[in-house]
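Have a look at the structure below before the remarks.
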Amino acid sequence: MKFGIKSLFTGGLPAGEDNPWLSGAEGYEQGQQRALSEGIPLLYVIEHAKCRRCKTLDTLLWRAPELQSSLAGLVKVRLNPDAGDGSAHILRRFPQVATPPGIYLQRPGEPLRPIRVEVEEQQIWMPGVTYGRGFFMPLSVAGFDAVVRVTLSLEEPAIDNAPLP
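Residue numbering for the sequence shown follows the numbering used here, starting at 619 and increasing by one per position.
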């Protein structure tokens, strides 16, 4: 694996061929091992092949050249329950996704942290002091990058334990 100058400062993995999207049960296992050995977070994308929102998000965000350096700091795993690659079995460990795509972050050994995206409105949820206290902002590469940093910094995104004003 080759590391560039940028990865020395960001602590991330290199982009491109050295850090491809993993998929299915095998990709999930590889991702878990890689995240543990490298000490970096995982990004899970739960999608369906015929999902219009999933395809739009893929074009709008995941394939955006500007996002590749941010994605380089994450182990990326795609799970599709319709693919026949073991994803359906792995997804039993995840919360039910009512409207795909589902997006989650996870530090090795910690609980899943959701990233909420409204694809049609092109908005992403920015957590505040807690996950439940935040706001929607325009979906963009910079917005996604900021949401990842904030979401990973929250102690427990499922608990709204901020003091009331």
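Just so you know, even glycine gets a beta-carbon here, dropped at the ideal spot from N, CA and C.
(request) Count the other C-beta atoms from every protein chain shown that fall within 10 angstroms of the C-beta of residue 654, then say buried if there are 16 or more, exposed otherwise. (result) exposed
(request) Assign residue 712 to one of three DSSP states: helix, strand, or coil. (result) Residue 712 falls in the coil class under three-state DSSP.
(request) Please determine, among 723, 711, 725, the residue with the shortest C-alpha to C-alpha distance to residue 699. (result) 711
(message) Can you find the residues in the same chain that come closer than 6 Å, C-beta to C-beta, to residue 688, ignoring five residues on each side of it along the sequence?
(response) 763
(request) Give the range of the alpha helix (DSSP H) segment to which residue 652 is assigned. (result) Start and end: 642-656.
(request) Output the distance between the C-alpha atoms of residue 707 and residue 741, rounded to the nearest integer angstrom. (result) 30 Å
(message) If you reduce the DSSP assignment to three classes, tell me which class residue 681 lands in.
(response) coil
(message) According to DSSP, is residue 660 part of a helix, a strand, or is it coil?
(response) strand
(request) Rounded to whole angstroms, what's the CA-CA distance from residue 715 to residue 734? Just pull it up for me. (result) 11 Å
(message) For residue 639 and residue 673, I'd like the C-alpha separation in whole angstroms.
(response) If you draw a straight line from the Cα of residue 639 to the Cα of residue 673, it comes to about 15 Å.
(message) Let's see if you can read the secondary structure: which residues bound the alpha helix (DSSP H) around residue 757?
(response) Neither: residue 757 is in no alpha helix (DSSP H) and is coded neither H nor E.
(message) Output needed for residue 671: all residues of its chain with C-beta closer than 8 Å, excluding positions within five of it in sequence on either side, in chain order.
(response) 717, 718, 719, 737, 738
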